[in-house]
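First the structure, in the form of structure tokens, and then the observations on it.
Chains as they are written, first to last, in our numbering: chain A, 1 to 317; chain B, 318 to 694.
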């Protein structure tokens, strides 16, 4: 067994004339948290379905836990855990019965199953809820039950398809602490998400757009590659109207509205907060305050989304 | 190898166990499977009966002998006739005309004498024939009573052989022509068909709807294991249903079980597999509970009711419908149940029905498994 948990090479899946995943290649080493990002319909779920053996690739191949997904989907399924988008639990069954059922589905039985269910309950902080009907639990707890069901059989690799959709922020943070803990114990995590703040937890990120993997790297390297220059955050009133004046100046790379303020990105040495503030003020903005900021993955996402065609760059970690 | 079989059993067991929990959690399922059928049977048995009983009967006994009274008593004893008038023959005819009696039994003088001499004794039955169906039933019922009477006399006197040219009509297996005896096997088949198809259609399409089918497909549980695990609890439920319906039929309506009870359950078992397979097929194609419910009811209720010979004999159907009825499993079950329950038939006679059920079961299960691809919705 190598230290490579997932190896995708030229993975492609077509549905009729539509290419959902187009020539995607990447590697995920053991124990890594790999974030798979992209807009709806970018091909994230299709990639997961191929890697988990649910559908077979049209061309290309992938090795998961050392098994080929096209040739040996059953071996793949045995070594992975999968948590689908809707946390497909049985809501009319108690928490414990859900755990026991999924344990049985993976071939666990008897005392081993009982013991493992107890461990998982402790790990996912579900103590005291074993007899509660799953349907009566809030989303955040259901999500932990679903995670528990997916890790009961100690999979080496865990696939999470938008695990935090519709879950409150506190539960999301707790959930990610659990994920980080599993990763430290050498479980490989392949996760898709819409929440870009969560992607910061990932060791590496792959960005999908229209079926292609357009960016791949650590969060820091992605920011450096895709959002170069100096990032500043401006606050004040009348900023949107003044933004246009700033955009036309030389060495200004981008001016994007961000929350109530503006993200201003310039060539590294051409501008500073003082000069940006005075330009915005003279263009009609009031109470302007500008300070140095840090690029976020959202900036990366926007930069990738508005990228010039065929400018896909691959940053090395 | 051992490990592989253990895992197979564990996975099927997990599926079946989970399904059992679903059933226990949802009283509607249990109601549908175990309460509704006996209730329906009771309603049909008591309410929807094609039988006439307490037929108003006028009696004119001119013989007034112990033998003639025995004949009159034989008519009175059964629940089917109710004596409304005892008088002379003219009065009896008048009552018949006025519609106050539907039949009149006239015993001529010399009835007992003829009996004692070994001559054919004569009694007449006048029937109000304006409703042919009722008249036919009265004729049958009266005939049955008269035959029982004459058999009694014949065996007592050993005189049966002295009437060489008399023709006897003798209805076997259901001499009183009680329609419930005929209906219980049919209703059993109908109720089992609806229950089994509907329940499986709902459980599998629910799994699609919930999204948990995708989760199952991502686990090592194979499609055959899913099907097996899903069907087992409903198979047990269906056999319980059969037992219950038979028990209600036997206790409330005296429907006999003359044949082998074990064979009856063998037929029930294969029929249930057919129906569960059909439900599975419906749900694989439908994938949502609403469509599945409608398709399930339509595909089980209508053909089982109309084309199985349950109500209308298959032999009387137009040729095309007779051909269609050959792929309706209920047809074979109804035939077999009637055979076993009423006639005490054995496998020697009923094997074609069992073969047909087995063929249908394998075909529908094979088709459903093939369509039930390991794919995401």
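We put the beta carbon where it would ideally sit given N, CA and C, even for glycine. No experiment lies behind these values; they were computed from the predicted model shown.
- Query: What residues in the stretch 103-117 of chain A have a beta carbon less than 8 Å from any beta carbon of chain B?
  - Reply: 103, 104, 105, 106, 107, 108, 109
- Task: Pick helix, strand or coil for residue 346 (chain B), following the three-state DSSP scheme.
- Result: helix
- Is the stretch 217-226 of chain A in contact with the stretch 266-283 of chain A, if contact means three or more CB pairs nearer than 8 Å? no
- Query: Taking DSSP as the reference, what is the three-state secondary structure of residue 445 (chain B)?
  - Reply: coil
- Message: Please confirm whether residue 201 (chain A) has its beta-carbon closer than 8 Å to some beta-carbon of chain B.
- Response: no
- Message: At a CB distance below 7 Å, what residues from the stretch 505-529 of chain B approach chain A? Give them in sequence order.
- Response: 527, 528, 529
- Message: Does chain A have any CB closer than 8 Å to the CB of residue 531 (chain B)?
- Response: Against chain A, the CB of residue 531 (chain B) has a partner CB under 8 Å away; the residue lies at that interface.
- Assumed close pair residue 265 (chain A), residue 253 (chain A) - CB separation to whole angstroms, cut-off 8 Å: 5 Å
- Message: So with CB distances below 8 Å, who are the chain B contacts of residue 52 (chain A)?
- Response: 535
- Query: Just checking my contact of residue 420 (chain B) with residue 461 (chain B) at CB under 8 Å: how many whole Å lie between their CB atoms?
  - Reply: Not a contact, Cβ separation roughly 14 Å.
- Looking at the C-beta of residue 78 (chain A), does it have a partner C-beta in chain B at a distance below 8 Å? In terms of beta-carbon proximity, residue 78 (chain A) lines the interface with chain B, with at least one pair separated by less than 8 Å.
- Query: Using a C-beta to C-beta distance shorter than 9 Å, which residues of chain B count as neighbours of residue 92 (chain A)?
  - Reply: 338, 339, 342, 343
- Message: Please report the straight-line C-alpha distance between residue 231 (chain A) and residue 34 (chain A), rounded to a whole angstrom.
- Response: 26 Å
- Query: Using 8 Å as the limit for Cβ to Cβ distance, is residue 540 (chain B) near chain A?
  - Reply: no
- Task: For the stretch 327-343 of chain B and the stretch 89-102 of chain A, state whether three or more C-beta atom pairs, one from each stretch, are separated by less than 8 Å.
- Result: yes
- Item | Same chain, Cβ closer than 8 Å to residue 108 (chain A), five either side skipped, listed in chain order | 116, 152, 153
- Task: Using three-state DSSP, classify residue 141 (chain A) as helix, strand or coil.
- Result: In this structure, residue 141 (chain A) counts as helix in the three-state DSSP scheme.
- Looking only at its own chain, which residues have a Cβ that is under 8 Å from the Cβ of residue 86 (chain A), when we skip the five neighbours before and after it? none
- Query: Cα separation between residue 20 (chain A) and residue 540 (chain B)?
  - Reply: 26 Å
- Message: Using only the alpha-carbon positions, how far apart do residue 636 (chain B) and residue 97 (chain A) sit?
- Response: 53 Å
- Task: In angstroms with no decimal places, state the Cα-to-Cα distance between residue 148 (chain A) and residue 181 (chain A).
- Result: 13 Å
- Message: Determine, for residue 162 (chain A), whether the minimum Cβ-Cβ distance to residues of chain B falls below 8 Å.
- Response: no
- Message: Looking at chain B, is there any beta carbon in it that lies within less than 8 Å of the beta carbon of residue 97 (chain A)?
- Response: yes
- Does any CB atom of chain B fall closer than 8 Å to the CB of residue 84 (chain A)? yes
- Return the CA-CA distance between residue 521 (chain B) and residue 165 (chain A), expressed in angstroms with no decimal places. Near 26 Å, if we compare the C-alpha coordinates of residue 165 (chain A) and residue 521 (chain B).
- Message: With three or more C-beta pairs closer than 8 Å as the rule, is the stretch 530-549 of chain B touching the stretch 606-616 of chain B?
- Response: Segments in contact, no.
- Message: Is there a C-beta anywhere in chain B that falls below 8 Å from the one on residue 74 (chain A)?
- Response: yes
- Message: Count Cβ pairs between the stretch 318-329 of chain B and the stretch 246-263 of chain A that sit closer than 8 Å; are there 3 or more?
- Response: no
- Message: Short of 6 Å in beta carbon distance, which residues of its chain neighbour residue 354 (chain B), apart from the five on each side in sequence? Order them along the chain.
- Response: 508, 558, 562
- Task: Run down chain B in chain order and give the residues with a C-beta less than 7 Å from the C-beta of residue 88 (chain A).
- Result: Residues of chain B passing the Cβ test: 527, 528, 529, 531, 532.
- Item | Neighbour flag for residue 18 (chain A) against chain B, beta carbons, 8 Å | no
- Message: Short of 8 Å Cβ to Cβ, which residues in the stretch 541-572 of chain B face chain A?
- Response: If the cut-off is 8 Å between Cβ atoms, the stretch 541-572 of chain B has nothing near chain A.
- Message: Does residue 160 (chain A) come out as helix, strand or coil in the three-state DSSP assignment?
- Response: strand
- Count the other CB atoms within 10 Å of the CB of residue 324 (chain A); is the residue buried (16 or more) or exposed (fewer)? Residue 324 (chain A) cannot be examined here, being either before or after the span of chain A that is shown, 1 to 317.
- Candidates A:283, A:8, A:215, A:187: which alpha carbon is nearest residue 248 (chain A)'s? A:283
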